[in-house]
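This report concerns only the one structure given below.
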Amino acid sequence: MFYREAGQFKSSYAADQQLFPILQDRIGVLAFLAFAFVGVPLVASNYWYTAILIPLLVFSLAALGLNILTGYAGQLSLGSAAFMAVGAVAAYNFQLRVPGMPVLVSFLLGGFMAALVGMAFGLPSLRIKGFYLAVATLAAQFFIPWLLVKVDWFSNYSASGVITAQRIEILGYAFDTPMKKYLLVLLLVVVLALLAKNMVRSRIGRAWMAVRDMDVAAEVIGIRMLHTKLTAFAVSSFYCGVAGALYAFAYLGTVQPEDFNLDLSFRILFMVIIGGVGSILGSFLGAAFITLLPIFLDVLLTDMARGFNLNLTPGTTSMAQLVVFGVLIIFFLIVEPHGLARLWQITKEKLRLWPFPY
Amino acid sequence: MQFFFEVLIGGLLAGVMYSLVALGFVLIYKASGVFNFAQGAMVFFAALTFVGLQQKFALPFWAAFTCTLAVMIVLGILTERIVLRQLVNQPQISLFMATIGLAFFLEGFAQLIWGTAVRPLDIGVTNEPIQWVMERFDILVVKMDVVAALVAGVLVGVLAVFFNRTRIGRALRAVADDHQAALAVGIPLKQIWAIVWSVAGFVALVAGLMWGARGGVQFALTFTALKALPVLILGGFESIAGAIVGGLIIGASEKLAEVYLGPHVGGGIEGWFAYVMALLFLLVRPEGLFGEKHIDRV
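In order, the protein sequences belong to chains F and S. Quick note, the first sequence lines up with residues 1 to 358 if you use my numbering. Quick note, the second sequence lines up with residues 359 to 656 if you use my numbering.
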């Protein structure tokens, strides 16, 4: 950025190990959070909350989960939406069946259930890797929604597995407006993101990265494969599960297992690729990009159609979306395999020298 | 017992259809080490283009077939030029994700051009049971499936000859074996890749015709084509024979499971059974039935 870290000397271990070691970064993050918590509620309308901000945050969390698994631990998964479904349904059931269960706890328990399921489907990763694993996670993607529909206990015997999320009420305070829901989601996402940022630089995070870079070598230097891979699956599914619970409770309200289809899994994967594989910030950038792009395209195409006097069917825009998604994925993989996060980093490095590059 | 055989034969023949899609995967994987997720989309794209051309310009079968084949070859060459050539030396997983992008592009592009409606595809074979089998063995065998099986058989034969007896085929095998060594002895890698993608396009076209004639050309085709993935896992990525055998096993077991196991668990297990079976199979034999065992060197 415009600032440098020159002159900021660390004189204690605590100072050396902070999440954001540069003072200006800390100020920047705090300012951004203050804006998100205070500034946004002052200006945003209900449309912004329900159509943009809440889904953006929920998808960020899911992308973060997949990024931990794919970006940090190097295990490709095409089943993230299924784990979201587990989280959503589990949170719903905890609310439904345990009297007096706090909502936040049921979100976390939903995440834990997803983590358990994720570990079960992560077991094959010990034997197989790469594409084989990707296909194996497809089993989760097709099996779990089917199970959630077929066993109607999960949806409290409603037709075709539809669940209607309960009201969010914490200590008697109801989170019923879009703004309140937004703040709750934001709080959870911020806490979990900071946790993830901390986790990926800790012992376990380093083990993940070692396995990603070369698993045989990692094993040789004494990293436990079973432990490392399964924790990656568990943590990733936990994040996806919490995201799924929030998706049901704060975003849509009514969901059915079929909503968590392969398409959603792919969208989350795209968020990770476009945002930046192996980057916490990238998950957010990617989620923002993929969430905003359809809205943007919609507006653009409608305007263009008006300009050229074409009549557009809704089908055309969604097909155009597919094409644009596909092209963007290929474009990013070729031009910037590390995604938007890397672009941001390059910008920062350029700005460090700006305006005197020599 | 008769019913069992009927289900079994139906499943085996359906499995052949999966094999047709899986063949395309194997071709590309063998020659370039790319796991082409877009094969299903290519099947859909080819079928839709074929039907679109046929209906729009009222072309006869062979004219439409030739035109579509030309389109698929151009597509293959463009894919090599625009996507693969840029991603040389990238990790395989990047290439895989690029083909996911390609799949999205093809699905969207095909429907942008030809619309989203389900289109019937007529290749002159009806979807009816064969009479004399009905009379003699009292087993219901659909004509379309038998034709598909024959086509698959012919296709495998042609590919086998192509791979083993022609100059290009030998070059393809050399490239599959070792990129650098192939380059060193003067095999033009870029051309070879373009050829492989074109051949895969041809296989996709044939598979698309068969699938389309069976249930109409529609978007759901791409999901059915995904079933080729467990087939590959079962058969091994590098083996054409594996694609066929894997397809037969998956097709038969899936149908049998649906009929005999399905009622006990509420039905609809056809959607995931193949994947779970492949998953369990992987635990026992990670490289598939006919796949090559990989040895990692550090």
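Beta carbons: idealized from backbone N, C-alpha and C, even for Gly.
Asked: Below 8 angstroms on the Cβ atoms is my contact criterion, and I expect residue 453/S with residue 392/S to pass it. Report the Cβ-Cβ distance as a whole number of Å.; Found: 5 angstroms
Asked: Are any of the Cβ atoms in chain F nearer than 8 angstroms to that of residue 611/S?; Found: no
Asked: Just tell me which of 64/F, 351/F, 147/F has its CA closest to the CA of residue 191/F.; Found: 64/F
Asked: Using the Cβ count rule (16 or more neighbours within 10 Å means buried), how would you classify residue 465/S?; Found: buried
Asked: With hydrogens ignored, establish whether the beta-carbon of residue 546/S is closer than 7 angstroms to any heavy atom of the ligand PLP.; Found: Here there are no bound small molecules, and the ligand PLP is not part of this structure.
Asked: Between the C-alpha atoms of residue 576/S and residue 381/S, what's the straight-line distance to the nearest angstrom?; Found: 21 angstroms
Asked: Excluding the 5 residues preceding and the 5 following residue 10/F in the sequence, name in chain order all residues of the same chain whose CB lies nearer than 8 angstroms to its CB.; Found: 16, 21
Asked: Bridge partners for residue 254/F per DSSP, in chain order?; Found: 164/F
Asked: Rounded to whole angstroms, what's the CA-CA distance from residue 41/F to residue 54/F? Just pull it up for me.; Found: 12 angstroms
Asked: Looking at the secondary structure, which residues open and close the alpha helix (DSSP H) in which residue 383/S lies?; Found: 360-390
Asked: Residues of chain F with a CB under 8 angstroms from the CB of residue 377/S: which are they?; Found: Within chain F, no residue comes near residue 377/S; the closest Cβ sits about 16 angstroms away, beyond 8 angstroms.
Asked: With a threshold of 8 angstroms, are at least 3 pairs of Cβ atoms found where one atom belongs to the segment 561-572 of chain S and the other to the segment 95-106 of chain F?; Found: no
Asked: Closer than 9 angstroms by beta-carbon distance: list the chain F residues that pair up with residue 550/S, in chain order.; Found: Neighbours of residue 550/S on chain F: none; closest Cβ ~21 angstroms, over 9 angstroms.
Asked: So with Cβ pairs under 8 angstroms, would you call residue 294/F a contact of chain S?; Found: no
Asked: So is residue 132/F in contact with chain S if we call contact Cβ pairs under 8 angstroms?; Found: yes
Asked: So residue 26/F and residue 352/F are in contact, right, with Cβ under 8 angstroms, and what is the actual spacing, rounded?; Found: At roughly 17 angstroms, the Cβ-Cβ gap does not stay under 8 angstroms, so residue 26/F and residue 352/F are not in contact.
Asked: Report yes or no: is there a C-beta of chain S within less than 8 angstroms of the C-beta of residue 116/F?; Found: no
Asked: Would a check of beta-carbon distances place residue 407/S closer than 8 angstroms to chain F?; Found: no
Asked: With 8 angstroms set as the bound, which would you pick, yes or no: does the beta-carbon of residue 274/F sit closer than that to a beta-carbon of chain S?; Found: no
Asked: Once you ignore the five residues that flank residue 122/F on each side, which residues in its own chain have a CB closer than 7 angstroms to its CB?; Found: 229, 230, 233
Asked: Between the segment 411-419 of chain S and the segment 532-552 of chain S, do three or more beta carbon pairs fall short of 8 angstroms?; Found: no
Asked: Are the CB atoms of residue 365/S and residue 614/S within a distance shorter than 8 angstroms?; Found: yes
Asked: Whole angstroms is fine: what's the gap from residue 582/S's alpha carbon to residue 442/S's?; Found: 26 angstroms
Asked: Taking DSSP's pairing of strands, which residues face residue 477/S in a bridge?; Found: 575/S
Asked: Enumerate, from N- to C-terminal direction, the unbroken alpha helix (DSSP H) stretches of 4 or more residues contained entirely within the segment 300-329 of chain F.; Found: none
Asked: Specify the secondary structure class of residue 500/S as computed by DSSP and reduced to three states.; Found: strand
Asked: Which word fits residue 46/F, buried or exposed, when buried means at least 16 other C-beta atoms lie within 10 angstroms of its C-beta?; Found: exposed
Asked: Excluding the 5 residues preceding and the 5 following residue 605/S in the sequence, name in chain order all residues of the same chain whose CB lies nearer than 7 angstroms to its CB.; Found: 373, 374, 376, 377, 380, 589
Asked: Let me check understanding here. Comparing Cα to Cα, which of 188/F, 258/F, 281/F lies closest to residue 148/F?; Found: 258/F
Asked: In the structure shown, what three-state DSSP assignment does residue 170/F receive?; Found: strand
Asked: Say whether chain S places a C-beta atom closer than 8 angstroms to the C-beta of residue 330/F.; Found: yes
Asked: Listing by chain order, which chain F residues have their CB less than 7 angstroms from the CB of residue 630/S?; Found: 139, 142, 143, 146
Asked: Using the three-state DSSP reduction, which class does residue 25/F fall into: helix, strand or coil?; Found: helix
Asked: Give the residues from the segment 199-220 of chain F that approach chain S closer than 9 angstroms (Cβ to any Cβ), ordered along the chain.; Found: 214, 215, 216, 217, 220
Asked: Is the shortest distance between the beta-carbon of residue 455/S and the beta-carbons of chain F less than 8 angstroms?; Found: yes
Asked: Whole angstroms are fine: how far does the CA of residue 43/F sit from the CA of residue 346/F?; Found: 31 angstroms
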